[in-house]
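Undergrad: Below is a structure I'd like to ask you about.
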Amino acid sequence: MPAIPRPLPDRASFAPASSASGFAPTFASGFTKMSARRLYIFGGIALIAGGLLFGDIFAVFILHQNAARQGEALIAASRAVATGDAAAVNEIFGHLGNVLEDRGTKVDAHVHMIGAGYLAVLLALVQPYIALSRQTKKSLAALFIAGGVFLPVGIFLIHYLGLTGSPFSAIGWASVLADSAGGLLIVVLILQAWGFWKHVRSRQLSEPELPDEDSMPRRALLTGGTILVLLGFLHGAYYAGALLYEHERMETTILQRLISSASAGNLDAATTEVNNFGNLAGARAVNIAAHSHIIEFGLLAMLLSFVQPFVFLSEKWKRRWVKLLLGGAVILPVFVLLELKFGLVAGGIADIGGLMVLVGLVGMLVGILRYSGGLDFAENDLAKAVAGEDAR
Amino acid sequence: MMGSRKLLIFGGMAFAAVGMLYGLQYALLVEHQTLDQMGGSLAQAFTAAASRNPGQAQAALEQYGETKYDYVRQVDAHSHWIGLAMLMMVLGLIFERVNFSEGIRQLVAFSLLAGSALFPLAVIVQTYHHGAVVLQALAVIGSGLVIAALAATAWGFARPRPAALP
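This is the structure we're talking about:
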């Protein structure tokens, strides 16, 4: 069980007055160069920002085009049914499967990248309660970030690599990469739980706890985050209770009508059913996306409230990033829901909301980079001064 | 560390591990086959219709509906378990700011823990008993427990700190 690291001498301590009121003097030592906490925070925020950016690019350039390709494939399939061409139906569905896999793997890559980022930031916060050696914690942090990078990369590549060179019947090398990375995350998490268990038994902190800062940005992120999560749960409960089963029934009914119309050679009715199918898929997608995004952003806001003492920016800029992030966290899910009524205009505004969250997040990351840069500079300065005194 | 915080942090870590292990085994052993079956059933429904075999088309369409019903719930349970785990861990770090007595905090933490266990579990078991009302009711109760705990937590954050609390 490592002891709490000794605080740096006064001349080396780095406590930016503008950002760290109530800053514990020992706290900087928990954020030393290449420490587990620093790796988790930088890696985690970078993963979240990467996932958000990927999601925005996906929403703008791929999502709607992909939905249009699905509709085209279903119309072509209904035409093939009408002409009794079973071989053409098989060919079209092979293509449709490809289109769906293209979409699904990109959504999964986006979700898993952000999820791994959240877990990384969370692990940064619980490090004082993980009773493992500093080196073990650092190695686990490096493994976790590596897993968090390879998991979405593997998922993304599934569509492009397929079963090329794979000895398995249904799993390709990209899936093997993704599953191995997922396994790595699980192993790290189990070891963290073991470290936490050791802490509970010994009741000793392995590094300083987070400072109990009571600033406006922190309170706003904490309260705003809790409210966003609560709203997301309420919306999810409404969707599950009022719409989920109805949507499932409607999907089968629409497909039945589509097949019947196509079999009877009524191509206009079949096209109408394809449009109905597309509208239903859109309604499900926006409800699920609004539900998951509002909860994710709420959780993100709560997590970021803890890292505010590390954000070395003026109070004014810290408030700006918080407002931008919370504003985007509300705009994105609300306008995703409004896409059903207002179409692409609402979709565009939702994308801007996502960008606002991303910019707020990167702004905070810049503040943390400034903080760590200052800390490293002070440490180097101290080392030089000590070396100079020794030389004299 | 207070009992309510331990409950949330330990419970959160356990649920995150369970959710990830469940997701891993599902991705390795079930998901690819399920997706193949889902796509295959839909394709078969259209192929059978093109071959003027409405009975087979209907059967394939029903198979598609059932497979998708299972797939949606399996994926949802996995993601909800991990999401709820993260929420529990985050709240565990700041639960002393919930301005209630430790007894009430433990009750709120237990409600969140019980709801987070019950809700995804009831959703998974639904894949073995489609449309079972009891399981749907359990899922509703589970999500209700989570929502109630979360509302109590938000109230606890907003409430002024009573002088009796340390």
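Top to bottom, those sequences are chains A and B.
Mapped onto numbering that gives the first Met the number 0, the consecutive letters of the first sequence carry residue numbers 0 to 391.
Mapped onto numbering that gives the first Met the number 0, the consecutive letters of the second sequence carry residue numbers 0 to 165.
Glycine included, each C-beta is placed from N, C-alpha and C at the ideal position.
1. Between ASP380 of chain A and LEU312 of chain A, what straight-line distance do the alpha-carbon atoms span, to the nearest angstrom?
2. In chain B, what lies closer than 7 angstroms to ASP178 of chain A by C-beta?
3. Residues in its own chain within less than 6 angstroms of ARG4 of chain B by CB, not counting five upstream and five downstream?
4. Considering only C-alpha positions, which residue in the set B:TYR25, B:GLY82, B:ALA153, B:ARG51 is nearest to ALA13 of chain B?
5. Skipping 5 residues on each side, what residues in its chain have a beta carbon closer than 8 angstroms to that of THR33 of chain B?
6. Ignoring anything shorter than 4 residues or poking outside the segment 90-158 of chain B, list the alpha helix (DSSP H) runs there in chain order.
7. Rank B:HIS31, B:ALA44, B:PHE9, B:ALA153 by C-alpha distance to the C-alpha of PHE99 of chain B and give the top, closest one.
8. Mapping the DSSP letters down to three states, classify MET87 of chain B as helix, strand or coil.
9. Compute the Euclidean distance between the alpha carbons of ASP55 of chain A and LEU339 of chain A, then round it to the nearest angstrom.
10. Flag this pair as yes or no: are the beta carbons of ILE44 of chain A and GLY114 of chain A separated by less than 8 angstroms?
11. Give a yes or no on whether the minimum CB-CB distance between HIS31 of chain B and chain A is below 8 angstroms.
12. Which residues, in order along the segment 53-87 of chain A, keep a beta-carbon less than 7 angstroms from a beta-carbon of chain B?
13. Run down chain A in chain order and give the residues with a C-beta less than 7 angstroms from the C-beta of ILE81 of chain B.
14. How about the segment 167-177 of chain A and the segment 187-196 of chain A: do they share at least three Cβ pairs that are nearer than 8 angstroms?
15. Compute the Euclidean distance between the alpha carbons of SER77 of chain A and LEU257 of chain A, then round it to the nearest angstrom.
16. Using beta carbons (cut-off 8 angstroms, strictly below), is PHE22 of chain A in contact with chain B?
17. From ALA14 of chain A to ALA119 of chain A, what distance separates their C-alpha atoms?
18. On a Cα-Cα basis, can you pick out the residue from A:LEU298, A:SER259, A:LEU51, A:GLY70 that is closest to MET355 of chain A?
19. Kindly indicate which three-state DSSP category MET1 of chain B falls into: helix, strand or coil?
20. Answer yes or no: does any C-beta atom of chain B fall closer than 8 angstroms to that of ILE253 of chain A?
21. Does GLY231 of chain A pass the burial test, meaning 16 or more other C-beta atoms within 10 Å, or should it be called exposed?
22. Where does the unbroken alpha helix (DSSP H) through GLY244 of chain A begin, and where does it stop?
23. Applying the 10 Å Cβ sphere with the 16-neighbour rule, what's the burial state of GLN169 of chain B?
24. Going along chain B in order, which residues have a C-beta closer than 7 angstroms to the C-beta of MET301 of chain A?
25. Relative to the alpha-carbon of ALA280 of chain A, which residue among A:LEU242, A:PHE376, A:GLY372, A:SER179 has its alpha-carbon at the smallest distance?
26. Determine, using beta carbons only, whether ALA236 of chain A comes closer than 8 angstroms to chain B.
27. Applying the criterion that 16 or more other CB atoms from any shown protein chain within 10 Å of the CB defines a buried residue, is VAL132 of chain B buried or exposed?
28. Relative to the alpha-carbon of HIS198 of chain A, which residue among A:LEU337, A:ILE351, A:ILE129 has its alpha-carbon at the smallest distance?
29. Can you give me, in chain order, the residues of the segment 142-161 of chain B that have a beta carbon less than 9 angstroms from any beta carbon in chain A?
30. Give the single residue among B:LEU149, B:LEU86, B:ALA44, B:GLU101 whose Cα lies nearest to the Cα of ALA58 of chain B.
31. May I have the straight-line CA-CA distance separating ALA79 of chain A from HIS234 of chain A, to the nearest angstrom?
TA: Walking through what the data contain:
1. Translated into positions along the first sequence, residue 380 of chain A becomes position 381. Translated into positions along the first sequence, residue 312 of chain A becomes position 313. Their backbone Cα atoms lie some 22 angstroms apart in a straight line.
2. Your numbering for residue 178 of chain A matches position 179 in the first sequence. Within chain B, the residues near ASP178 of chain A are LEU23, ALA26, LEU27.
3. Working through the second sequence from its first residue, we reach residue 4 of chain B at position 5. Excluding sequence neighbours, ARG4 of chain B sits near GLY91, PHE94.
4. For this step, residue 13 of chain B is matched to residue 14 along the second sequence. Answer by Cα proximity: B:GLY82.
5. In the second sequence, counting from the first residue as 1, residue 33 of chain B sits at position 34. Counting only Cβ-Cβ distances below 8 angstroms, and skipping sequence neighbours, we find THR66, ASP69, TYR70, GLN73.
6. 101-124, 132-157
7. The residue given as residue 99 of chain B occupies position 100 in the second sequence. That would be B:ALA153, whose Cα lies nearest to the Cα of PHE99 of chain B.
8. Start at 1 with the first residue of the second sequence, and residue 87 of chain B comes out as number 88. In the structure shown, MET87 of chain B sits in a helix (DSSP, three-state: H, G or I).
9. Taking the first sequence and counting its residues from 1, one reaches residue 55 of chain A at position 56. Taking the first sequence and counting its residues from 1, one reaches residue 339 of chain A at position 340. C-alpha separation (whole angstroms): 19 angstroms.
10. Taking the first sequence and counting its residues from 1, one reaches residue 44 of chain A at position 45. Taking the first sequence and counting its residues from 1, one reaches residue 114 of chain A at position 115. No, Cβ-Cβ distance for ILE44 of chain A and GLY114 of chain A is not below 8 angstroms.
11. As a first step, residue 31 of chain B must be located in the second sequence, where it is residue number 32. Cβ-Cβ to chain A under 8 angstroms: yes for HIS31 of chain B.
12. ALA76, ALA79, VAL80, GLY83, ASP84, ALA85
13. Start at 1 with the first residue of the second sequence, and residue 81 of chain B comes out as number 82. Going along chain A in sequence order, the residues near ILE81 of chain B (Cβ under 7 angstroms) are GLY114.
14. no
15. What you label residue 77 of chain A is simply residue 78 of the first sequence in a count that begins at 1. What you label residue 257 of chain A is simply residue 258 of the first sequence in a count that begins at 1. Between SER77 of chain A and LEU257 of chain A, the C-alpha separation is close to 7 angstroms.
16. As a working mapping, residue 22 of chain A is identified with position 23 in the first sequence. Reliability of the predicted coordinates at PHE22 of chain A is poor, the pLDDT of 40 falling under 50, and the value obtained from them is presented with this limitation in mind. Chain B contact via Cβ: absent.
17. Stepping through the first sequence from its first residue, residue 14 of chain A is reached at position 15. Stepping through the first sequence from its first residue, residue 119 of chain A is reached at position 120. Confidence at ALA14 of chain A is low in this model, with a pLDDT of 42, below 50, so its placement is unreliable and the value that follows should be read with caution. Spanning the two alpha carbons is a distance of roughly 24 angstroms.
18. Taking the first residue of the first sequence as position 1, residue 355 of chain A is located at position 356. Checked all of A:LEU298, A:SER259, A:LEU51, A:GLY70; the closest Cα to MET355 of chain A is A:LEU51.
19. Along the second sequence, one-based indexing puts residue 1 of chain B at 2. Coil.
20. The sequence position of residue 253 of chain A within the first sequence is 254, counting from 1. No, ILE253 of chain A does not count as interfacial toward chain B.
21. Stepping through the first sequence from its first residue, residue 231 of chain A is reached at position 232. Flag for GLY231 of chain A reads buried.
22. Locating residue 244 of chain A in the first sequence gives position 245, where the first residue counts as 1. It should be noted that the sequence gives Tyr, not Gly, for residue 244 of chain A. That run of the alpha helix (DSSP H) goes 244-262.
23. The question about residue 169 of chain B has no answer, for chain B in this structure spans 0 to 165.
24. Position 302 of the first sequence, counted from the start, is the residue given in the question as residue 301 of chain A. What MET301 of chain A touches in chain B: VAL89.
25. The sequence position of residue 280 of chain A within the first sequence is 281, counting from 1. Among A:LEU242, A:PHE376, A:GLY372, A:SER179, the Cα nearest to that of ALA280 of chain A belongs to A:LEU242.
26. Here residue 236 of chain A refers to the residue found at position 237 of the first sequence. Output row for ALA236 of chain A: interface = yes.
27. Your numbering for residue 132 of chain B matches position 133 in the second sequence. Exposed is the call here.
28. Along the first sequence, one-based indexing puts residue 198 of chain A at 199. Comparing Cα positions, the closest option is A:ILE129.
29. SER142, GLY143, VAL145, ILE146, LEU149, ALA150, THR152, ALA153, PHE156, ALA157
30. Counted from its first residue, the second sequence places residue 58 of chain B at position 59. Of B:LEU149, B:LEU86, B:ALA44, B:GLU101, the residue nearest in Cα terms is B:ALA44.
31. Reading the first sequence from its first residue, position 80 is the one you call residue 79 of chain A. Reading the first sequence from its first residue, position 235 is the one you call residue 234 of chain A. One C-alpha to the other measures close to 40 angstroms.
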